[in-house]
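All remarks here apply to the structure that follows.
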Amino acid sequence: MALVLVTRSTGLFSGRTLLRCRLTASTVLRVLYLGTLMSVPPLLHAQPTAEDAPPPSTLAADMFETVTKLPVTVKDMYGKSIDGQMVLTHFKPPGDGPFPAVIMNHGRDSNQRANPSRYRYSDVARYWLRRGVAVFVPTRLGYGDSGMEQDPEFTGECNSKNFDAAAAVTNVQTLATVEFAIKQPWVNPSKVILMGQSMGGFATVVAMGTKHPSVIAGINFAGGSGGDAVNRKANPCGYHRVAATFEKAAKANGGSTPMLWLYSENDNYWGPDIPRKWHTAYTGAGGKAEFAPFGPVSTDGHSLLAKGMSMWRPVLDQFVRLQGIAIPQATGAPPASGFAAIGDASKLPLVKQDVKETGYVRFLALDLPRALAIGPKGEWAFFSGENVIARTLDRCAQTAKTACNLYAVDDNVVWQP
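All residue numbers for the sequence shown refer to our numbering, where the first residue is 803 and numbers rise by one.
Here you go:
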């Protein structure tokens, strides 16, 4: 299945992405990294769903979704041992592998630990599957079906937070997931990436301190702890203590594992400044991490992962390419023409203004591979997925009753005036 839009009317980046620059929606749609791309299986069509979306009643056969349980023992901040069965959801690409693997750690809402019963991040998983990467999503102890009788990640009162204890708890479960993953015959045991959102981003950062030999990189989406978007908006409890915990992880890692940190400036949990302080603490203590700042996302930038894919996808693609992950590409794509930057909708020829303002934005929100074609009288169509160029040109020609020309393929404008 692929997305298509056809209408009749009378690249995402160009150049090299600079991760140190502030990335707004408009900036992101004007700057594209360069790299070697390749064609891979079915497309991620939609924006990622909310992380607390309930799991479906059946497993996703097209993603080879499987659920298992791992026995783990952790100690809470009071030193009490907690035994439990950690629910682990995993997905794999088609074929036998061996595939690189991503461990995706979830966030935390202390008032809603029951939901979801099992974390999946299915649309984020599809992003990775399309890049030939297996995905493992643990539901840590204290959440959902992994058991809520105890809350091992509780860090204490606002003025006396113990984030080191939470780090120890998440490290046990992250490493248990890594060990399970690398034992699978279809996983490349020397190519594991850690990734997380919010508290899962915190878990990813502190796991760098373990220096697991299989882990080659870490990805932190809006990571942190101690936040309260309602009662302490942009003013998390003990943020300096989080910085100290991150410093310890950085010192233990010694800069041996690269990281990418992604934050939005309107994050209601952390605000625009505190994530930078955390990053400074981490890198100042010897950690290796690029900071990718983004402009506002919806009403709360803490939803960057769920609602900002068109912004973060090219930045993340650039980072994972450096880790040897192949990025999707339309087969037979012509070279960039230099006619326009992929994000500059004003340069679209022939089409009406509403196409520039709304339709093209939908095209830009798609994952790769993708293509858009324009007919001689402003007819246009886009497709994403397999055999994308031929399908796009065919559909546009059906509407135009004559041949159309490609305007954009993947992250490049290929239009020849």
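Note that the Cβ used here is the ideal one computed from N, Cα and C, for glycine as well.
Keep in mind it's a predicted model, so treat the numbers as computed, not measured.
Rounded to the nearest whole angstrom, the C-alpha separation of H1014 and V994 is 9 Å. Cβ-Cβ distances below 6 Å link S1100 to K1109 in the same chain, with the five nearest sequence neighbours on each side left out; the list follows chain order. In this structure, A862 and S919 do not form a Cβ contact; the two beta carbons are roughly 16 Å apart against a cut-off of 8 Å. Note: V876 is bridge-paired with I884 in the DSSP secondary-structure output. Assignment of W1182 by DSSP, reduced to helix, strand and coil, places it in the strand class.
Separation of A1183 and P1095 (C-alpha to C-alpha, rounded to the nearest whole angstrom) is 33 Å. The straight-line gap separating the alpha-carbon atoms of F893 and T979 is approximately 13 Å. Between the alpha carbons of N1033 and C960 lies a gap of roughly 12 Å. With contacts defined as CB atoms closer than 8 Å, A1024 and L1118 fail to qualify as a contacting pair. As the crow flies, the alpha-carbon of P900 is around 34 Å from that of P954.
The segment 1146-1205 contains, as complete beta strand (DSSP E) runs of 3+ residues, the segments 1172-1176 and 1182-1186 (chain order). Proximity to V1157 across S1058, D1169 and E1181 peaks at E1181, based on C-alpha coordinates. Considering only P991, A969, W988 and D1030, the residue with the shortest C-alpha distance to G1002 is A969. For R932, the number of other beta carbons within 10 angstroms of its own is at least 16, and it is reported as buried. With a contact defined as Cβ atoms closer than 8 Å, G1057 and K1090 qualify at about 4 Å. The segment 1012-1075 contains, as complete beta strand (DSSP E) runs of 3+ residues, the segments 1017-1023 and 1060-1066 (chain order). By the Cβ-count criterion, K882 is exposed, with fewer than 16 other Cβ atoms from all chains shown falling within 10 Å of its own Cβ. Between A1205 and V1190 the beta-carbon gap is near 17 Å, outside 8 Å, which marks them as no contact. Between M888 and V1163, the alpha-carbon positions lie close to 40 Å from each other. Just so you know, the alpha carbons of P896 and D864 end up roughly 8 Å apart. Within its own chain, the residues whose Cβ lies closer than 6 Å to the Cβ of A1019, once the five positions on either side in sequence are excluded, are I995, P1060 and Q1125, listed in chain order. Under the criterion of beta carbons closer than 8 Å, D1196 and Q1131 do not qualify as touching, at roughly 20 Å. Restricting attention to S1148, L1168 and L1152, the CA atom closest to the CA of E1159 is found in S1148. Beta-bridge annotation (DSSP): M997 is paired with M906 and I1021. Here P1077 carries a helix assignment [DSSP, helix/strand/coil].
By the beta-carbon neighbour count (other beta carbons within 10 angstroms, threshold 16), Q975 is buried. Comparing alpha-carbon positions, the option among G886, F1141 and G998 lying closest to Y1209 turns out to be F1141.
Look at T957 here: in three-state DSSP terms it is coil, with no helix or strand label. Rounded to the nearest whole angstrom, the C-alpha separation of G886 and T1012 is 22 Å.
According to the DSSP secondary-structure assignment, N1214 is paired through a beta bridge with V1211. In this structure, DSSP gives N990 an extended state, which the three-state scheme calls strand. Across the structure, A1036 and D966 are spaced so that their CA atoms are roughly 22 Å apart.
About 6 Å separates the beta carbon of G944 from that of R915, a gap short enough to meet the 8 Å contact definition. In this structure, the beta-carbon distance from M906 to V939 falls below 8 Å. In this structure H1042 is exposed. Its beta-carbon is surrounded by fewer than 16 other beta-carbon atoms within 10 angstroms.
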